[in-house]
Every structure is written in C-alpha cells, then in structure tokens.
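Going by my numbering, the letters in the sequence shown line up with residues 12 to 195, in that order. Backbone N, C-alpha and C define an ideal beta-carbon position, used for all residues, glycine too. What you are looking at is a predicted structure, and each value in this text was computed from that prediction instead of being measured. Right, one structure below, let's go through it.
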Amino acid sequence: MAPEQTPPAKEPTQVPYQPRSAAPAFETLVPTNMQTAVTDALDNLEQRVGNLDDYVARQLHIESTEQLHDRFGAEQVDALALAFSNLDQNQGFIIGDQTGVGKGRFVAAVIEHTRQQGLVPIFITQTPELYGDMFRDLEDIGVSDLNPLLTNDSLNVVLPSGGALTTKSASILRSLPDWTLKSL
C-alpha cells in the first residue's frame with residue numbers, strides 16, 4: 012500500500028491590497044497575478060508626482076490630506092492618482108472594483124477633475140436611479156456647483172438635498188413645431 016500523498020498547496024488567487032495612500036483602507040484584495048503590476052505602477056507614479064495623497068488633493072483642489080481622507084479610502088486615492096495621471100496624458104483608465112469598494116466616489120472625483128480641467132464631463136448610466144446616486148457621491152466629495160443636462164425623458168431624480176431634477180416627456184417635445192426643436 013502506497014503512502015498517502017499530500018496535495019500540493021494551492022497558491023492564493025488573491026492577496027491583501029497594500030495601499031500607498033495613508034487614508035483609511037477598505038482592506039480589499041487584489042488578484043495575486045496583478046499585485047506586482049499594481050505595485051510597480053504606484054512606484055513609478057510616486058517617483059513622478061511625489062506623495063500620492065498630496066497629488067490627489069492638489070488635483071481635486073482639496074486643502075489638506077485630512078480632508079482628502081475624510082472623503083476617500085486608501086484604495087480610492089491610489090486609483091484616483093493612477094487615473095488622473097493617465098487622463099492628464101490623454102489616456103484612459105478602467106476601474107474594475109467589485110460592488111461596495113466605492114466606484115461612485117471614484118467616478119465623482121473623475122467628473123470633478125475633468126471639470127477643473129475646463130472640460131465637460133459626460134456621465135451615462137444604465138439605470139436612471141444611478142443619477143441620484145452620482146449626485147450624492149458628488150456632494151459627499153464636496154462638489155455642489157453642478158449644472159447637469161439630463162437627456163432622459165420623463166425623469167425625476169431625487170437629490171441628496173431633498174429636491175429633484177425632472178425632465179419632460181419626449182412626447183411633449185415631439186408636439187413642438189419644428190422651428191422650436193431646431194432652436195433648442
């Protein structure tokens with residue numbers, strides 16, 4: 012009878028994320044095969060821009076890292092630093108975090124960064140309910156001077172302040188004379 016063999020130990024598929032930011036961490040995990048790439052990207056960025064907390068605070072015109080840490084978690088700050096660097100070089104950035112990690116605040120910060128660059132951000136969502144969530148996230152990071160253009164018809168977005176943004180039905184627009192629509 013052959014001795015029982017112990018199966019080889021499996022490598023973990025995820026490891027704890029080691030944030031570079033000093034903000035409170037969400038204690039998330041990162042795929043094992045991405046950890047080195049993430050660390051290298053953050054190292055390279057830090058060599059170019061200095062401390063990532065200071066960099067993100069400057070980019071968002073936030074007065075102190077304490078205020079930054081009140082608005083964002085460490086993982087969000089790290090992701091924002093990478094995203095802002097890419098955007099400033101006319102490159103894209105994909106955020107692939109799972110539910111509950113704070114993609115809404117991340118997107119809100121990218122919207123604000125875009126506005127501060129003199130550009131017009133465009134936010135498109137699958138469900139109209141997420142417009143209200145985005146307004147809440149924008150308010151949570153300190154943005155209040157928005158002038159949104161909602162393109163959905165018959166929309167009623169409840170705002171964090173209790174107010175609402177509403178749009179008219181498309182049928183009303185279709186009933187307007189052609190010259191009116193052309194002037195819109």
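- Distance between E86 and L98, taken at the CA atoms: about 18 Å.
- L71 is not bridged by DSSP to any residue.
- Distance between A92 and T162, taken at the CA atoms: about 31 Å.
- Residue state for N167 is assigned as strand, using DSSP reduced to three classes.
- At a Cβ-Cβ threshold of 9 Å, E123 and L141 do not count as neighbours.
- DSSP places L40 within a strand segment (E or B) once states are collapsed to three.
- According to DSSP, T177 shares a beta bridge with N167.
- The alpha carbon of R126 has as its nearest neighbour, out of T39, S75 and L71, the alpha carbon of L71.
- The alpha-carbon of F95 is positioned some 10 Å away from that of D89.
- Buried is the label assigned to A119, since at least 16 other Cβ atoms lie within 10 Å of its Cβ.
- For V112, there is no enclosing alpha helix (DSSP H), since its DSSP letter is neither H nor E.
- When DSSP states are grouped into helix, strand and coil, V26 belongs to the strand group.
- Looking at the backbone, the Cα of Q128 and that of G173 are separated by about 30 Å.
- Under the three-state reduction of DSSP output, T17 falls in the coil class, being neither helix nor strand.
- V67 sits away from L53, with the two beta carbons spaced by 9 Å or more.
- Across the structure, F83 and R116 are spaced so that their CA atoms are roughly 7 Å apart.
- Our two residues, A48 and A36, have alpha carbons roughly 20 Å apart in a direct line.
- Using a 10 angstroms sphere on the CB of V121, the tally of other CB atoms reaches 16 or more, which defines it as buried.
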